[in-house]
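Letter by letter, the sequence shown follows residues 61 to 224 in the numbering used here. Glycine residues also receive a C-beta, built at the ideal position from the N, C-alpha and C atoms. Predicted model, so just to flag it, every value in this text is computed and none were measured. Working notes for the structure below.
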Amino acid sequence: METKFNIFEILQIAEQVEHKGARFYLKTSELFADPALRDIYYRLATWKAKHEKIWARMRKRFSEKTGEFGTFDPDNYVLSNPQVMSGLTWFGTKQDGVNRLTGRENKRQVLKDAIRRANEVIIFYRGLKDFARDPGTQQMIDSIIREEERQIGFLMDELKPASA
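Here it is in structure tokens:
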């Protein structure tokens, strides 16, 4: 049985990814005593929360316009519960192992970690394109990827040393 997601379901997945990301960044901010580093995590959490709301509004408008919703298939757990897919990103796992943050990282390390995590989310979405039901769904995934790339751009700008 082949699993294919429609735009509604992709937006549900995106909402969950953003929600988990916001929670992760808020919780991670608590590790840092330095207000400047905490601020980076607060801004990342705000970015994620803002996008969660954007994807929710888009999903609602899509449903109102098309009458299309998520699929319920009792024989396909993943298709019936697209939020399960969001657990496949790094936001769906506990922070442990090699990349565990300690609160002793400097600004450069914090920014590089956030960039790495955003790149992992992009990899997730690129893989998800193989499960898109139609070209419109693939275009939606491309839009989501562009937003992640925009975030990486902002983080990269912060990594650059201040010019004289």
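Check	Outcome
Helix, strand or coil: how does DSSP classify Ala174 here?	helix
Can you give the beta carbon distance from Glu37 to Ile182, rounded, assuming they're within the 8 Å contact cut?	A query on residue 37 cannot be resolved here, the shown segment of the chain reaching from 61 to 224 and no further.
Between which two residues does the alpha helix (DSSP H) holding Glu208 run?	Pro195 to Leu219
Is Ala82 near Ala109, with beta carbons less than 8 Å apart?	yes
Please state the DSSP three-state secondary structure of Ile70.	helix
Whole angstroms is fine: what's the gap from Asp217's alpha carbon to Glu90's?	24 Å
For Phe84, which of helix, strand or coil comes out of DSSP?	helix
Could you spell out the range, first to last residue, of the alpha helix (DSSP H) harbouring Lys108?	Pro95 to Thr126
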